[in-house]
Ligand code: FES
Ligand SMILES: [Fe+2]
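In my numbering, the protein residues as written are 375 to 726.
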């Protein structure tokens, strides 16, 4: 079961090109995304109302998409506007999904269109600064909640990413970060003193820094993260507080947006992006950091897919919690409470 009345990050903007419909499944719903003449993203159910051919095999014509089986034409509102060989007949419209393009990402609302409020989309600091960024997408054979769990608890960095993001620093698991609750998720912050920066062009591999990591994680699975590295002594000098927004004195900074999207039961999509506001070696460094993230997420994927398989071998076994799990417990609670709310009859929901 998946939340319906919510915005899901469907695809990076750059991955939906004019004239090329893209087939996606989000929360069990097959969807076709394409661009209209003015470049706006449109999303329809990926099913022709005639004989159920997928519209994603069709052709974009102006603001519409034509089914490439027998030629029915649908506009971006899902209205059937042409039926070759006959006058228009009623009942052939398909569902159109509200879409918004923001944070370099196409967001789709899978529930009641009347409730699709764009202000509910979290604002990422990734693209707001106008700096270059890189994006990537991965598929996981695992439930999206397991990926949410992974991102709400970075203690796994010491083990799963020992030689990559972790750089052998056991502090990831030996110290619990500061965590506060947000209306729709959590905010996690931590300083790590005297740590190493993962291998990056332009950065001296022996350099030790004080690193501030902070992220918001909001449902259904959106991570907005900053990693700011400063000269040794900075954490103490700032009394372990928040570094200045100007990033003055920072030697290495990463901003990242990551979106976890349920595809079907047991399958998920992971969209990730990085930018470098303070860049030691511009493009080279950005390529290196997206490469590093991609590799690190494949380390996560190996573990999470194995975890999913083990869960299936031991049906009914409870997942237990340690101190590190406070964040993921809150996020799971928020998701479950949304699911419960959506399961209620419409009149009960309206009265709330
Ligand atoms: S299935 Fe689409 S026009 Fe026939
Ligand atoms: Fe990880």
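In this text, a Cβ means the ideal position worked out from N, Cα and C, and glycines have one as well.
This structure is a prediction, so every number in the text was calculated from the model and none was measured.
Listed in chain order, the beta strand (DSSP E) elements of length 3 or more contained wholly in the stretch 404-436 are 415-419, 433-435. For residue 520, the enclosing alpha helix (DSSP H) covers residues 518-525.
Beta-bridge annotation (DSSP): residue 471 is paired with 417. Under a 10 Å Cβ-count criterion, residue 584 is classified as buried, with 16 or more other Cβ atoms of the shown protein chains found around its own Cβ.
Going by beta carbons, residue 593 and residue 581 fall outside the 8 Å limit. When DSSP reads this structure, residue 510 sits in a beta bridge with 646.
For residue 627, the enclosing beta strand (DSSP E) has its first and last residue at 626-638. Take the alpha-carbon of residue 539 and the one of residue 521: they are about 17 Å apart. In this model, residue 434 and residue 444 are separated by some 15 Å (Cα to Cα). Around the beta carbon of residue 673, 16 or more other beta carbons sit within 10 angstroms, so the residue counts as buried. Residue 678 places its beta carbon less than 8 Å from that of residue 514. With respect to residue 498, residue 598 sits close: the two C-beta atoms are nearer than 8 Å. In this structure, the C-beta of residue 537 stays at least 7 Å away from each heavy atom of ligand 2. Residue 398: member of the beta strand (DSSP E) spanning 396-400, first to last residue. Pairwise C-beta distances place the stretch 481-489 out of contact with the stretch 599-613, as fewer than three of them are shorter than 8 Å. In this structure, the C-beta of residue 444 approaches ligand 1 to less than 7 Å from one of its heavy atoms. Counting other Cβ atoms within 10 Å of its Cβ, residue 718 stays below 16 and is therefore classed as exposed. By the beta-carbon neighbour count (other beta carbons within 10 angstroms, threshold 16), residue 683 is exposed.
DSSP places residue 476 in the strand class (E or B) of the three-state scheme. Taking C-beta atoms under 8 Å as the contact rule, residue 376 and residue 423 fail to qualify, at a distance of about 24 Å. In the three-state reduction of the DSSP assignment, residue 505 falls in the coil class, being assigned neither a helical nor a strand state. Counting along the chain, residue 531 sits inside no beta strand (DSSP E); it lies in the alpha helix (DSSP H) bounded by residues 531-534.
Rounded to the nearest whole angstrom, the C-alpha separation of residue 386 and residue 706 is 25 Å.
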